[in-house]
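**Q** Quick one: structure below, then a few questions.
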Amino acid sequence: TLDPQMFNATLPLELSAHALSGDLSGVQHVMARMEPLTRRSYAWRAYAELAHAQFQQLRGDLEAARASFERCIGMAAPDPGGQQRPLFVWLAAAGGYVETLVALGRHDEARAYGERTLAASRALGIGLASHDLCRALALAEAKLGAFAPAIARLEALIEQQQAYATQGLSLGASYEARARIAIWQGDDEALERYGNLTAREYRHGRGSALGARWERLMAEARRGMNRELPNLTDFDTTRTGTRDATTTDRIVRTLQGASSAAERAERALRILCEDRSAKTGYLYLAGDAGLTLSALRGSDGPPEGLSKYAREYFEQTAAGNGDSTQALTATQMASAWTAQAFFRDTAGVEHHAVLMTFLDEREARYVGVAVLAGDAASRDPQGGAALVAALSAQLDPVRRPVLSPSAARPA
């Protein structure tokens, strides 16, 4: 059965995007949508407290933000008694708490708490969710003059994000933190490099709260080093990075030889299954007749109830995400729905859903849903979200037929 709360799973993603981009009204909007959910579960109450803390942080009431982050941490941190806690909320709140302490000038306290919490998260095997905390800790270290460990921490984080094909706000925030440290250190070469990388990731935020965040970095560069960073318009292009361009070209080459829509769907499913080491998979694509099974692999047919699950999952997740912020990237849109829930058949085999979506002119497009069987389907894939987004763009009926890699529009 499907948990109705599962379809509100975009709210944490949206909250993170609005908070990272500095969008105060966006955080308020998410807070209002979370409020009814707080009556249903403890986890949503913790998320609501996180949203309140981030709201106070963005509006500049740092003492109120500090107190709210502390309450959120108390609600979400690991429980010594073994009670289940929303650990992702804990780490998000920890990152915001360290940032707030840094803004308050309490740098020693920020570093001590950040180091302690990061060590605790790693002992629990939580890596990807600690990125915000890593960035904040690096800034605290740099404020104390510990530039070498701060730089090493950030560059290791950036390398990890690049390995996972991360793009947009999250990667941009890491680049921005590295650029700020370059300003504080007086490193002109590093500022030029990471300033340009930040602008590339933030380029779609021109004229928004994210653009205002970039303007603040530019102002700091002028004050601290008398340097002018590029305008976001200098990076306003539909080109993607080398990694995504390579992914898209490879997919185009694979799909362009397909003689029919059915063969194209089969090839797409094969790529997705191979990327996630899944032997069995099903690809449902949206069309005039609704969501229909377009390809299957390693099976004679879907188990009973799977097609209904796929249709409900697609309809409710796509509909529920219709007002997502334009600051979300194709990578974030795709990764948001990877392994968010699963279907278990009568034999006890888990089937994990992957929403086939991409960003087209900053508007989310939903192509269908793939359902992959087995535990491997929920693990971190090699191609990851970038591959999902590129596949989705090539399966979109608006973009067919595909003629050549150079003719395909990037995802």
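Just so we're aligned, residue 5 is where the sequence shown starts under the working numbering, counting upward by one. Beta carbons are placed, not taken as given, at the ideal position from N, Cα and C, and that holds for glycine.
In the DSSP output, which residue or residues are listed as bridge partners for residue 360?
**A** In the DSSP output, where bridge partners are listed per residue, residue 360 has 372.
**Q** Do residue 122 and residue 143 have their CB atoms nearer than 8 Å?
**A** For residue 122 and residue 143, no; Cβs fall outside 8 Å.
**Q** Can you give me the C-alpha to C-alpha distance between residue 37 and residue 374, rounded to a whole angstrom?
**A** Distance between the alpha carbons of residue 37 and residue 374 is about 28 Å.
**Q** Quick one: which unbroken beta strand (DSSP E) runs of 3-plus residues sit fully inside the segment 31-67? Chain order, please.
**A** List check, beta strand (DSSP E) in window: nothing returned.
**Q** If the criterion is Cβ atoms closer than 8 Å, does the pair residue 90 and residue 47 meet it?
**A** Cβ atoms of residue 90 and residue 47: closer than 8 Å.
**Q** Grab the span of the beta strand (DSSP E) containing residue 117 for me, first residue to last.
**A** Per DSSP, residue 117 belongs to no beta strand (DSSP E); it is in the alpha helix (DSSP H), 111-127.
**Q** Between the segment 48-56 and the segment 17-35, do at least 3 Cβ pairs fall closer than 8 Å?
**A** In short, these stretches touch, since the Cβ pair count reaches three.
**Q** Could you check the C-alpha separation between residue 56 and residue 72 for me, to the nearest Å?
**A** Taking the straight line joining both Cα atoms gives about 7 Å.
**Q** Tell me whether the beta-carbon of residue 307 lies closer than 8 Å to the beta-carbon of residue 297.
**A** Result no, Cβ atoms of residue 307 and residue 297 do not sit closer than 8 Å.
**Q** Measuring alpha carbon to alpha carbon, tell me which of 265, 105 and 186 ends up nearest residue 156.
**A** Selected option, being the one with the closest Cα: 186.
**Q** At a cut-off of 7 Å, is residue 143 close to the ligand NAD when judged by its beta-carbon and the heavy atoms of the ligand?
**A** Of ligands this structure carries none, so the ligand NAD is not represented either.
**Q** Roughly how many angstroms lie between the CA atoms of residue 14 and residue 92, to the nearest whole one?
**A** If you take the alpha carbons of residue 14 and residue 92, they lie about 14 Å apart.
**Q** So what's residue 15 in DSSP terms, helix, strand or just coil?
**A** Helix, per DSSP.
**Q** What does DSSP give as the partner residues of residue 297 in its beta bridges?
**A** Residue 297 is bridged to 288.
**Q** Return the first residue and the last residue of the beta strand (DSSP E) that residue 348 is part of.
**A** From DSSP, the beta strand (DSSP E) with residue 348 extends over 346-348.
**Q** Which of the three DSSP states is assigned to residue 216 in this structure?
**A** The answer is helix: DSSP assigns residue 216 an H, G or I state.
**Q** So residue 207 and residue 173 are in contact, right, with Cβ under 8 Å, and what is the actual spacing, rounded?
**A** Rounded, the Cβ-Cβ distance is 12 Å, inconsistent with contact.
**Q** Less than 8 Å between the CB atoms is what I'm expecting for residue 199 and residue 283, so what's the real figure, rounded?
**A** That belief does not hold up - the Cβ atoms of residue 199 and residue 283 are roughly 46 Å apart, past 8 Å.
**Q** Out of 98, 304, 180 and 61, state which residue places its alpha-carbon closest to the alpha-carbon of residue 286.
**A** When each option's Cα is compared against that of residue 286, the closest is 304.
**Q** What does the alpha-carbon distance come out to for the pair residue 69 and residue 313?
**A** Near 41 Å, if we compare the C-alpha coordinates of residue 313 and residue 69.
**Q** Between which two residues does the alpha helix (DSSP H) containing residue 87 stretch?
**A** It is not in any alpha helix (DSSP H) - residue 87 carries neither H nor E in the DSSP assignment.
**Q** Measure from the alpha carbon of residue 99 to the alpha carbon of each residue in 183, 87, 76 and 228, then state which is nearest.
**A** Nearest option by C-alpha distance: 76.
**Q** Please classify residue 354: does DSSP put it in a helix, a strand, or coil?
**A** The answer is strand: DSSP assigns residue 354 an E or B state.
**Q** Should residue 118 be labelled buried (16 or more other beta-carbon atoms within 10 Å of its own) or exposed?
**A** Answer is buried; the Cβ neighbour count reaches 16.
**Q** If residue 29 sits next to residue 96, beta carbons under 8 Å apart, how far is it from one beta carbon to the other, in whole angstroms?
**A** Going by Cβ atoms, the distance from residue 29 to residue 96 rounds to 20 Å, so no, they are not a contact pair.
**Q** Just mark residue 27 as buried or exposed, buried being the case when its beta carbon has 16 or more other beta carbons within 10 Å.
**A** Burial call: buried.
**Q** State buried or exposed for residue 16, treating a residue as buried only when at least 16 other CB atoms are found within 10 Å of its CB.
**A** That one is buried.
**Q** In angstroms with no decimal places, state the Cα-to-Cα distance between residue 222 and residue 228.
**A** Taking the straight line from one Cα to the other gives about 10 Å.
**Q** Since I believe residue 398 is in contact with residue 273 (beta carbons under 8 Å), could you give me their beta-carbon distance rounded to a whole number of angstroms?
**A** Contact doesn't hold; Cβ gap of about 12 Å is too wide.
**Q** Buried or exposed: which applies to residue 45, given that a residue is buried once 16 or more other Cβ atoms fall within 10 Å of its Cβ?
**A** Exposed, because fewer than 16 other Cβ atoms sit within 10 Å of the Cβ of residue 45.
**Q** Could you have a look at residue 377 and say whether DSSP puts it in helix, strand or coil?
**A** In this structure, residue 377 counts as strand in the three-state DSSP scheme.
**Q** Any beta carbon from chain D within less than 8 Å of residue 59's own beta carbon?
**A** Included in the structure is just one protein chain, with no chain D present.
**Q** Can you check whether the CB of residue 112 is closer than 8 Å to the CB of residue 148?
**A** Yes.
**Q** Could you tell me whether the Cβ atoms of residue 126 and residue 178 are closer together than 8 Å?
**A** Contact: no.
**Q** Nearest to residue 151 by CA position, among 130, 191 and 114, is which residue?
**A** Minimum Cα distance to residue 151 is reached at 191.
**Q** Could you have a look at residue 191 and say whether DSSP puts it in helix, strand or coil?
**A** Correct three-state label for residue 191: coil.
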